[in-house]
Amino acid sequence: MLDKHQGARLANLWDDGKAAGMTEPEKLLYRSNLLGSDKRITNYGGGNTSAKVMEKDPLTGEIVEVLWVKGSGGDVGTIKMDGFSTLYMDKLRALKGIYRGVEFEDEMVGYLPHCTFNLNPRAASIDTPLHAYVPKPHVDHMHPDAIIAIAASKNSRELTSKIFGDEIGWLPWKRPGYELGLWLEKFCQENPDARGVVLESHGLFTWGDTAKEAYETTIEIINRAIAWFETENTGPAFGGRSKPVLAAADRAAIAKKLMPVIRGLISAGESKVGHFDDSQAVLDFVTSTSLEPLAALGTSCPDHFLRTKIRPLVVDFDPAQPDVGNTLAGLPEAIATYRADYAAYYERCKRADSPAMRDPNAVVYLVPGVGMITFAKDKATARISAEFYVNAINVMRGASGVSTYVGLPEQEAFDIEYWLLEEAKLQRMPKPKSLAGRIALVTGGAGGIGKATANRLMQEGACVVLADIDETALEAAQTELSTRYGKDFVRSVNMNVTSEAAVESGFGDALLAFGGLDILVSNAGLATSAAVEDTTLALWNKNMDILATGYFLVSREAFRIFRNQKAGGNVVFVASKNGLAASPGASAYCTAKAAEIHLARCLALEGASAQIRVNVVNPDAVLRGSKIWTGEWKEQRAAAYKMDVDELEAHYRERSMLKLSVFPEDIAEAIYFLASDMSAKSTGNIVNVDAGNAQSFTR
1 MLDKHQGARL ANLWDDGKAA GMTEPEKLLY RSNLLGSDKR ITNYGGGNTS AKVMEKDPLT
61 GEIVEVLWVK GSGGDVGTIK MDGFSTLYMD KLRALKGIYR GVEFEDEMVG YLPHCTFNLN
121 PRAASIDTPL HAYVPKPHVD HMHPDAIIAI AASKNSRELT SKIFGDEIGW LPWKRPGYEL
181 GLWLEKFCQE NPDARGVVLE SHGLFTWGDT AKEAYETTIE IINRAIAWFE TENTGPAFGG
241 RSKPVLAAAD RAAIAKKLMP VIRGLISAGE SKVGHFDDSQ AVLDFVTSTS LEPLAALGTS
301 CPDHFLRTKI RPLVVDFDPA QPDVGNTLAG LPEAIATYRA DYAAYYERCK RADSPAMRDP
361 NAVVYLVPGV GMITFAKDKA TARISAEFYV NAINVMRGAS GVSTYVGLPE QEAFDIEYWL
421 LEEAKLQRMP KPKSLAGRIA LVTGGAGGIG KATANRLMQE GACVVLADID ETALEAAQTE
481 LSTRYGKDFV RSVNMNVTSE AAVESGFGDA LLAFGGLDIL VSNAGLATSA AVEDTTLALW
541 NKNMDILATG YFLVSREAFR IFRNQKAGGN VVFVASKNGL AASPGASAYC TAKAAEIHLA
601 RCLALEGASA QIRVNVVNPD AVLRGSKIWT GEWKEQRAAA YKMDVDELEA HYRERSMLKL
661 SVFPEDIAEA IYFLASDMSA KSTGNIVNVD AGNAQSFTR
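Residues 1 to 699 (full-length UniProt numbering) are what the sequence shown spells out, left to right.
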């Protein structure tokens with residue numbers, strides 16, 4: 001039976017008022033964004049849309065027919081006007097004269113740039129001929145779960161005819177490319193009244209004379225498939241449940257234990273970031289009697305397969321006896337076996353000119369009774385891979401409920417995964433940033449130094465968890481950074497670093513969000529000023545609790561994760577000039593900062609054998625953006641120096657040897673250096689960022 005989300009009808013979102021006055025390219029954009037707004041229609045980056053438009057040639061001034069089609073690597077849900085390729089239709093048709101046959105179809109991609117209209121720099125995708133040769137002005141190519149469930153059934157041709165009659169045709173499996181474009185043209189010529197075609201194991205093509213007609217046809221055909229499954233697929237999902245579903249809190253607890261261990265085992269060649277999904281569709285699958293046999297078949301749609309690999313790894317876990325210890329102990333062998341199986345698959349299927357074998361680790365990990373874990377080079381890719389496998393689950397659910405599900409044949413799967421055109425696309429991708437795939441947690445993350453540090457790490461591709469006790473500032477910092485870098489790359493947790501429970505919970509949330517940890521920046525702080533005779537025990541303890549005990553608690557939790565991952569780790573303490581050079585009237589603060597520095601030295605000794613590095617950055621007088629300097633501390637220091645608070649920054653600047661002010665970004669730069677591979681052979685060090693202070697020279 002389909003769940004409520006799968007069974008709900010797609011809404012017709014076309015608004016004539018909005019579309020009125022739009023040009024044909026603008027209507028194409030409007031239609032594309034509507035179709036891409038619902039994952040039941042197509043997944044991220046999947047599908048394609050096009051329109052054939054009459055335009056003025058910028059060179060000859062003549063009116064010519066131009067194909068507007070989604071460019072290579074785009075996403076219909078988020079595409080803008082510059083995401084479309086534009087090509088002369090007469091030149092695309094002329095390509096037929098130089099086509100040498102199916103054995104040479106890949107070479108046709110090299111001719112597409114010769115067809116470019118108006119010097120458009122957007123590269124045309126491999127799907128361009130599929131749209132060009134359909135003799136209709138507007139064409140949609142989508143990957144709806146309900147349609148692919150038909151396309152991936154053993155008797156998909158029969159089901160297509162049964163559901164749609166002659167309105168929608170059927171074509172056997174063919175890898176996307178020039179030849180399939182000719183197949184579609186031939187189908188349309190032989191079936192002039194057809195409104196679309198189902199491609200076996202692939203997806204849906206529909207068309208229309210107007211943008212609105214094409215859009216509404218796509219919605220209508222998908223809804224008819226959904227309605228048919230509602231009537232026909234009424235049995236229990238995947239043959240029924242054979243394993244219990246753990247409670248939500250227990251599922252999260254298991255995932256937090258599994259994710260860093262898996263991550264450590266698969267990140268030797270490239271750091272990975274994780275994603276956890278325990279949605280209802282996933283839980284139905286991972287508790288079913290059909291889990292292992294269906295998972296072994298892999299996916300059917302090429303888009304699903306490229307994101308999720310040949311097949312997932314089913315983790316050996318029994319939710320009826322949820323002792324994760326045995327599962328953790330068995331993970332190294334399970335992952336090694338998967339890698340060996342993948343290598344054997346590569347050897348069986350490789351061609352003479354195949355690219356070298358890529359990362360042999362699984363992308364998708366299915367945990368019975370718990371959910372699905374995915375790992376990829378970054379958080380967005382891990383999340384999108386999970387979305388694709390949910391699509392695959394929905395396809396398997398539909399196909400196995402009305403027929404027999406058929407995965408993509410192994411050789412076909414390999415030929416897509418190691419397609420030379422796909423390899424060329426991968427080679428064109430920009431070089432990863434220095435912290436790509438790394439995960440950092442920054443305490444005091446909503447303050448001046450903390451937020452500047454998060455920003456600097458994210459500039460280099462890291463995922464960051466902001467930890468702070470100030471909810472309002474935390475929310476503002478997360479909003480600012482997610483707007484700048486994307487929501488996938490930043491999370492926030494409310495964390496009181498003096499509370500064992502809060503620290504454990506916050507780090508657990510980080511594990512669930514990203515799958516592990518590479519970098520801890522311990523930066524939470526305060527500053528107090530009082531003569532020793534006026535220093536209360538409460539004030540003394542407050543400094544020690546936050547600046548010594550707090551640093552100990554977060555470091556201990558980070559060390560536990562690092563040791564579970566077995567992939568090293570990196571701790572950077574933000575201490576103070578006062579940890580090396582005493583100041584009058586601040587005995588509690590200076591002593592706590594000195595304890596913090598010595599703790600770092602101890603941790604550097606303990607962590608070295610596990611490749612865990614621990615270093616310290618010592619700032620001085622970072623006023624701008626600092627929460628510490630916005631209250632009593634600023635007034636107290638001004639009083640100690642017998643000056644107005646507005647004179648403090650100039651005072652500290654002139655006090656320094658270099659006569660320079662120190663800003664949060666300066667501290668962040670030093671932290672980035674110590675957190676990156678640039679300092680890979682440094683541990684137990686102190687870097688002063690104080691514009692020069694002879695008293696705090698390290699000795």
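Using N, Cα and C, we set each Cβ at its ideal position, and we do this for glycine too.
Can you look up M142 in the DSSP assignment and give me helix, strand or coil? Counted from its first residue, the sequence shown places residue 142 at position 142. Reduced to three states, the DSSP call for M142 is strand.
Measuring straight from C-alpha to C-alpha, what distance separates L366 and A440? Position 366 of the sequence shown, counted from the start, is the residue given in the question as residue 366. Position 440 of the sequence shown, counted from the start, is the residue given in the question as residue 440. Going from the Cα of L366 to the Cα of A440 covers about 26 Å.
C-alpha distance - G17 paired with T217, whole-angstrom precision: Here residue 17 corresponds to residue number 17 of the sequence shown, with the count starting at 1. Here residue 217 corresponds to residue number 217 of the sequence shown, with the count starting at 1. Going from the Cα of G17 to the Cα of T217 covers about 19 Å.
Best match in A334, I373, V689, L426 for proximity to S661 [C-alpha to C-alpha]: As a position in the sequence shown, residue 661 is number 661, starting the count at 1. Selected option, being the one with the closest Cα: V689.
Is the number of C-beta pairs between the stretch 341-349 and the stretch 395-407 that are closer than 8 Å three or more? They do not touch, by the three-pair rule.
Beta-bridge partners of D277, as assigned by DSSP: Position 277 of the sequence shown, counted from the first residue, corresponds to residue 277. According to DSSP, D277 bridges with M372.
Across the stretch 582-598 and the stretch 555-569, are there enough close Cβ pairs to call them in contact, namely three or more that are closer than 8 Å? No, the stretch 582-598 is not in contact with the stretch 555-569.
Report the rounded CA-to-CA distance for A668 versus T453, giving the unit in angstroms. Within the sequence shown, residue 668 is the residue found at index 668, counting from 1. Within the sequence shown, residue 453 is the residue found at index 453, counting from 1. About 4 Å.
What first and last residue would you give for the beta strand (DSSP E) that runs through M54? As a working note, residue 54 is residue 54 in the sequence shown. Taken as a continuous stretch (DSSP letters only), the beta strand (DSSP E) holding M54 covers 48-56.
First and last residue of the uninterrupted alpha helix (DSSP H) at R339: To locate residue 339, count along the sequence shown from 1; it is residue 339. Looking at the DSSP string, the run of the alpha helix (DSSP H) that includes R339 is 324-349.
Please state if the CB of V395 and the CB of A152 are separated by a distance shorter than 7 Å. Numbered from 1 along the sequence shown, position 152 holds the residue referred to as residue 152. Numbered from 1 along the sequence shown, position 395 holds the residue referred to as residue 395. A contact, by the Cβ cut-off of 7 Å.
Where does D127 sit, in a helix, a strand or coil, going by DSSP? Within the sequence shown, residue 127 is the residue found at index 127, counting from 1. The answer is coil: DSSP assigns D127 none of H, G, I, E or B.
In the structure shown, what three-state DSSP assignment does L512 receive? Here the question's residue 512 lines up with position 512 in the sequence shown. Here L512 sits in helix by DSSP.
Limits of the unbroken alpha helix (DSSP H) element including I671: Indexing the sequence shown from 1 puts residue 671 at position 671. Here the alpha helix (DSSP H) through I671 covers 664-675.
Are there 16 or more other CB atoms within 10 angstroms of the CB of C602, so buried, or fewer, so exposed? The residue labelled residue 602 in the question sits at position 602 within the sequence shown. It counts as exposed.
I'd like the ranges of any alpha helix (DSSP H) spanning at least 4 consecutive residues and lying wholly in the stretch 57-105. 89-94
Which residues bound the alpha helix (DSSP H) around R397? Position 397 of the sequence shown holds residue 397. That run of the alpha helix (DSSP H) goes 379-402.
With V364 as the anchor, note down where its beta strand (DSSP E) starts and where it stops. Here residue 364 corresponds to residue number 364 of the sequence shown, with the count starting at 1. Run containing V364: 364-367, per the beta strand (DSSP E) assignment.
Buried versus exposed, by CB contacts within 10 Å (16 or more), V390: Start at 1 with the first residue of the sequence shown, and residue 390 comes out as number 390. Result: buried.
Report all residues from its chain with a CB closer than 7 Å to the CB of A413; omit the five preceding and five following residues, and keep chain order. The sequence position of residue 413 within the sequence shown is 413, counting from 1. Excluding its 5 nearest sequence neighbours in each direction, A413 has C-beta neighbours in its own chain below 7 Å: G298, F305, I310, listed in chain order.
Along the chain, which unbroken stretches of the beta strand (DSSP E) at least 3 residues long are found entirely within the stretch 164-224? 168-171, 196-199, 203-208
By Cβ distance below 7 Å, which residues in the same chain neighbour H5 in space, the five residues on each side in sequence not counted? Locating residue 5 in the sequence shown gives position 5, counting from the first residue. At H5 the pLDDT is 39, less than 50, meaning the model places this residue with poor confidence; the figure from the coordinates comes in the next sentence. Counting only Cβ-Cβ distances below 7 Å, and skipping sequence neighbours, we find nothing.
From A8, E475, K425, residue whose alpha carbon lies closest to that of W228: Numbered from 1 along the sequence shown, position 228 holds the residue referred to as residue 228. It is A8 whose Cα lies nearest to the Cα of W228.
Whole angstroms are fine: how far does the CA of P192 sit from the CA of G371? For the purposes of this step, residue 371 is taken as the residue at position 371 of the sequence shown. For the purposes of this step, residue 192 is taken as the residue at position 192 of the sequence shown. In a straight line, the C-alpha of G371 is about 46 Å away from that of P192.
The ligand ATP heavy atoms versus the CB of G71: any closer than 6 Å? Among the ligands in the structure shown, none appear at all, so the ligand ATP cannot be discussed.
The alpha helix (DSSP H) spanning G36 covers which residue range? For the purposes of this step, residue 36 is taken as the residue at position 36 of the sequence shown. Taken as a continuous stretch (DSSP letters only), the alpha helix (DSSP H) holding G36 covers 24-36.
Under 6 Å Cβ to Cβ from T337, same chain only, skipping five residues before and after it: list those, please. Against the sequence shown, residue 337 aligns to sequence position 337. Short of 6 Å from the beta carbon of T337, and not among the five residues preceding or following it, lies no beta carbon of its own chain.
Just how far apart, CA to CA, sit T287 and T116? Residue 287 sits at position 287 when you count from the first residue of the sequence shown. Residue 116 sits at position 116 when you count from the first residue of the sequence shown. Rounded to whole angstroms, T287 to T116 spans 51 Å at the Cα level.
How would you write the range of the beta strand (DSSP E) that A440 sits in, first residue to last? Counting from 1 along the sequence shown, the entry for residue 440 is found at position 440. Taken as a continuous stretch (DSSP letters only), the beta strand (DSSP E) holding A440 covers 439-443.
Taking C-beta to C-beta, are I612 and F562 nearer than 7 Å? As a first step, residue 612 must be located in the sequence shown, where it is residue number 612. As a first step, residue 562 must be located in the sequence shown, where it is residue number 562. Yes.
Who are the near neighbours of P322 in its chain, counting only those whose CB is closer than 8 Å to its CB and skipping five residues on each side? Position 322 of the sequence shown holds residue 322. Taken in chain order, the residues that qualify are L246, D250, I254, G369.
Could you tell me the boundaries of the alpha helix (DSSP H) in which F414 lies? Counting from one through the sequence shown, the residue named residue 414 turns up at place 414. Unbroken alpha helix (DSSP H) run through F414: 410-417.
Quick one: grab the DSSP three-state call for D284. As a position in the sequence shown, residue 284 is number 284, starting the count at 1. D284: helix per DSSP, three-state reduction.
Can you tell me whether DSSP reads I449 as helix, strand or coil? Residue numbering aside, residue 449 sits at position 449 when the sequence shown is read from its first letter. Correct three-state label for I449: helix.
Within 7 Å, strictly: CB atoms of G77 and S37: Looking up residue 77 in the sequence shown gives position 77. Looking up residue 37 in the sequence shown gives position 37. Cβ atoms of G77 and S37: closer than 7 Å.
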